[in-house]
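Only one structure is covered here, and it is reproduced in the block below.
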Amino acid sequence: MSTPISPKAGFTLTELLVSLAIFGLVSLAATSVLSLGKQIWSKAKTVPEHALFDAEIAALRKVVAGKVTSPTAKGGGFSGTQNGLAFQGLARLDDGSYEISSITVEFSHAETIIAANGQNSAKTTRLRHIRVGDVAFYGRKTGANSDDWAKGWVATDPAPKLIGINVETNKGAALVTFGLPR
Numbered sequence: 013m014s015t016p017i018s019p020k021a022g023f024t025l026t027e028l029l030v031s032l033a034i035f036g037l038v039s040l041a042a043t044s045v046l047s048l049g050k051q052i053w054s055k056a057k058t059v060p061e062h063a064l065f066d067a068e069i070a071a072l073r074k075v076v077a078g079k080v081t082s083p084t085a086k087g088g089g090f091s092g093t094q095n096g097l098a099f100q101g102l103a104r105l106d107d108g109s110y111e112i113s114s115i116t117v118e119f120s121h122a123e124t125i126i127a128a129n130g131q132n133s134a135k136t137t138r139l140r141h142i143r144v145g146d147v148a149f150y151g152r153k154t155g156a157n158s159d160d161w162a163k164g165w166v167a168t169d170p171a172p173k174l175i176g177i178n179v180e181t182n183k184g185a186a187l188v189t190f191g192l193p194r
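Each residue of the sequence shown is one higher than the one before, starting from 13 at the first, in our numbering.
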């Protein structure tokens, strides 16, 4: 820069070009950092959705795996429709112990509701990341010669071996199967 007394006071062309180049590089770096941050944020935002879906499927598996057959029940004591399931199962109490409870699972496109009503407690759990489509049951019904898939199950038939649930995920439809304890 020239001195203010000089007739050529102000910045030289070289100084202006260098400062514009530095400003351009700083702007480019800032834009790149913001773009990278946006990409990382969008990836981090999609991971929990899938993780929550997996956690809710695991919770539903745990409830179904806790099915017990009541000694007074005729057949398997398990009933199921396209809208839900009903059976006797183990429910965990607040103190960590378990009790046999009446378990109902209600399916809808918006959420799945698990209700456990026992002698000492009543608990409701809402699963909001499992969007259920069709439900099918695999096993041998009373009077049938072989195992087959059915759209519904009555409590007087022996309990089915598998439950198949078509669920919608953010990656499309998927079939999830649950085995029932014998």
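Just so you know, even glycine gets a beta-carbon here, dropped at the ideal spot from N, CA and C.
(1) Does the region 168–185 come into contact with the region 146–159, if we say contact requires no fewer than three beta-carbon pairs (one atom in each stretch) closer than 8 Å?
(2) How many Å lie between T93 and Y110 at the Cα?
(3) In chain order, what residues of the same chain lie with their CB nearer than 6 Å to the CB of E68, ignoring the 5 residues before and after it?
(4) What residue range does the beta strand (DSSP E) around E123 cover?
(5) Of all the beta strand (DSSP E) runs that stay within the bounds of the region 146–192, which reach a length of 3 or more residues?
(6) Helix, strand or coil for I115 per DSSP?
(7) Measure the alpha-carbon distance for I126 versus E118 and round it to whole angstroms.
(8) Classify T189: buried if its beta carbon has 16 or more other beta carbons within 10 angstroms, exposed otherwise.
(9) Grouping DSSP H, G and I as helix and E and B as strand, with all else coil, what is L29?
(10) Excluding the 5 residues flanking A162 on each side, which residues of the same chain have their C-beta closer than 6 Å to its C-beta?
(11) Kindly identify the DSSP beta-bridge partner or partners of K135.
Taking the geometry as given:
(1) With three or more CB-CB distances shorter than 8 Å, the region 168–185 counts as touching the region 146–159.
(2) Translated into positions along the sequence shown, residue 93 becomes position 81. Translated into positions along the sequence shown, residue 110 becomes position 98. Roughly 27 Å separates the two Cα atoms.
(3) The sequence position of residue 68 within the sequence shown is 56, counting from 1. Excluding positions up to five away in sequence, the list reads L139, H141 and I142.
(4) Your numbering for residue 123 matches position 111 in the sequence shown. Element bounds for E123: n/a, residue is neither H nor E.
(5) DSSP runs (the beta strand (DSSP E)) wholly in the region 146–192: 160–162, 174–181 and 184–191.
(6) Indexing the sequence shown from 1 puts residue 115 at position 103. Of the three classes helix, strand and coil, the one that applies to I115 here is strand, per DSSP.
(7) Sequence index remark: in the sequence shown, residue 126 carries index 114 (1-based). Sequence index remark: in the sequence shown, residue 118 carries index 106 (1-based). Going by the C-alpha atoms only, they are around 7 Å apart.
(8) Against the sequence shown, residue 189 aligns to sequence position 177. Its Cβ having fewer than 16 others within 10 Å, T189 is exposed.
(9) Locating residue 29 in the sequence shown gives position 17, counting from the first residue. DSSP places L29 in the helix class (H, G or I) of the three-state scheme.
(10) Along the sequence shown, one-based indexing puts residue 162 at 150. The beta carbon of A162 sits closer than 6 Å to the beta carbons of F149 from its chain, once the five residues preceding and following it are set aside; these are given in chain order.
(11) Stepping through the sequence shown from its first residue, residue 135 is reached at position 123. Answer by DSSP bridge pairing, in chain order: A128.
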